[in-house]
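In our numbering, the protein residues as written are -5 to 290.
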């Protein structure tokens, strides 16, 4: 199969590209910088240099592809995150339609069933809706949970303050997902020739409370009584303002975290009776966290 992978050198895309190449598929890896061409070539993929907001470039790259893996690369420098997601989603949709691609695997997120009150995830919701309007295309939305590597952001707080804190925590239950597990299920969906229409697949690597996460990480870094404290929205806002973060980041972060705290983020995951199917459990990730923590 000829498969196009966006974000081909990212945490998910790189693992996915390797798997596809290893299994004999022709892979075109989209990268933004010519400087990274040699890296994608070393994996065995063909580099396509351009931006995922450029529908003309995408159309040319998608032509002749049997399947396309889509994702929205993070961009914290833009003024409006939701508009950014829509920009990328519409570029994908235009290119997929013009190129005649018939299979899409799209990286989405838990909470993408909701149009509002999930912060950055509203953008993932919008992209799903945009792609769902494409005629005669098999689409699988891979909805991940809370990506493990986001826990790295708390390393400095732990080292300086001795605890984890946000406007969610304690007994709040969090669906956790490894990028390696996302790559695995994306590979499965890309090469699967069965099924039609629009599909949603959740991928969970673990499912724990915030307190259990803190305890597990704490054991690995020598702080067995590590706590995850829950702050108010206003306390989190004031702290983020002190850091000089943009209003877009502050609003969306607080909104997203609130949806974890009140359970809205995971309501569809639970309603569909989804379970942990990934291979990388919290204890596995805790070892990675400990290695990262040493260098903070």
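We put the beta carbon where it would ideally sit given N, CA and C, even for glycine.
Taking the Cβ atoms as the reference, residue 63 lies roughly 12 Å from residue 125, outside the contact range of under 8 Å. Assignment of residue 4 by DSSP, reduced to helix, strand and coil, places it in the coil class. Out of 184, 200, 283 and 206, the CA that lies nearest to the CA of residue 61 is found in 184. The three-state secondary structure of residue 20, taken from DSSP, is strand. Here residue 281 has 214 as same chain residues with Cβ atoms under 8 Å from its own Cβ, once five neighbours each way along the sequence are excluded. In the three-state reduction of the DSSP assignment, residue 202 falls in the strand class, which pools E and B.
When only Cα atoms are considered, residue -5 and residue 97 end up about 11 Å apart. Below 8 Å, too few C-beta pairs join the region 98 to 113 and the region 234 to 242 to call them touching: fewer than three. Bounds of any alpha helix (DSSP H) do not take in residue 132; it lies within the beta strand (DSSP E) bounded by 132 to 138. Looking from the CA of residue 264, the closest CA among 84, 195 and 1 belongs to 195.
In this structure, residue 204 lies near residue 222, with their beta-carbon atoms less than 7 Å apart.
Comparing alpha-carbon positions, the option among 153, 139 and 227 lying closest to residue 162 turns out to be 227.
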